[in-house]
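Below is one structure, written out as structure tokens; comments come after it.
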Amino acid sequence: MMRSNTWKVLGAILVLIAYSCKTYTIPVDSFREQMMEAKPKNRVAVEINNPLAYGNIKYFSNNISQLMVLDKKGNESFLDISPAIEMRVTHKNGKKYLLYFDTVILENDTLKGGRSRFAQGLTRAIPLDSIVKIEVQDGGKKFGYQKQSNIN
449 MMRSNTWKVL GAILVLIAYS CKTYTIPVDS FREQMMEAKP KNRVAVEINN PLAYGNIKYF
509 SNNISQLMVL DKKGNESFLD ISPAIEMRVT HKNGKKYLLY FDTVILENDT LKGGRSRFAQ
569 GLTRAIPLDS IVKIEVQDGG KKFGYQKQSN IN
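Residues in the sequence shown are numbered from 449 upward in steps of one, following my numbering.
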């Protein structure tokens, strides 16, 4: 009997956590326009803390500091970008992919971004014309920028 109650409590906590994160949408055309400066040549080298171990994680960021997003009611808002901002992309076929927003760049008409902070080689390339929905949210992970420098 005790185990059943424990699972119910854990389930309730997970539901609360999932719904406590504000999720915003970005129309694909607006995303394209906002990402025009997010090109490989404009990236910056960054270091973020590693909440799971000692040391920092190094990678290249798109150097975007704010993003215009829409809330659930369709109201415009600006979201400050941090290493914890996650982006969920939905394809026309219904498949969803998760990327870290600050790794996302636009190359020609293809969105490219990192899927993991810990395995730097895990990236995804997604043609913009195959995307039906873009959502962003603060994933709640304890990542924070430590250093930034231009790569040019």
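The C-beta atom is built at its ideal place from N, Cα and C for all residues, glycine as well.
- Arg-563: not part of any alpha helix (DSSP H); DSSP gives it neither H nor E.
- Nearest C-alpha to Asn-504 among Ala-493, Ser-513 and Ile-512: Ala-493.
- The beta-carbon distance between Val-552 and Ala-486, rounded to whole angstroms, is 7 Å. This is short enough to meet the 8 Å contact definition.
- Taking all protein chains in view, the Cβ of Ser-525 is surrounded by fewer than 16 other Cβ atoms within 10 Å, so the residue is classified as exposed.
- Val-552 carries a coil assignment under DSSP once its states are collapsed to helix, strand and coil.
- Within its own chain, the residues whose Cβ lies closer than 6 Å to the Cβ of Leu-570, once the five positions on either side in sequence are excluded, are Arg-563 and Ser-564, listed in chain order.
- If you draw a straight line from the Cα of Asn-523 to the Cα of Ile-529, it comes to about 18 Å.
- Per DSSP, the unbroken beta strand (DSSP E) holding Glu-534 starts and ends at 533-539.
- If you look at Ser-530, you'll find it isn't in any beta strand (DSSP E); DSSP assigns it neither H nor E.
- Exposed is the label assigned to Glu-481, since fewer than 16 other Cβ atoms lie within 10 Å of its Cβ.
- For Ser-513, the secondary structure class from DSSP, reduced to helix, strand or coil, is coil.
- Counting only residues of its own chain and dropping the five nearest sequence neighbours on each side, Lys-581 has a CB closer than 6 Å to the CB of Thr-538.
- Out of Gly-561, Phe-508, Lys-470 and Gly-587, the CA that lies nearest to the CA of Lys-521 is found in Lys-470.
- If you look at Glu-485, you'll find it isn't in any alpha helix (DSSP H); DSSP assigns it neither H nor E.
- Nearest to Ser-478 by alpha-carbon distance, out of Leu-554, Tyr-545 and Ala-573, is Leu-554.
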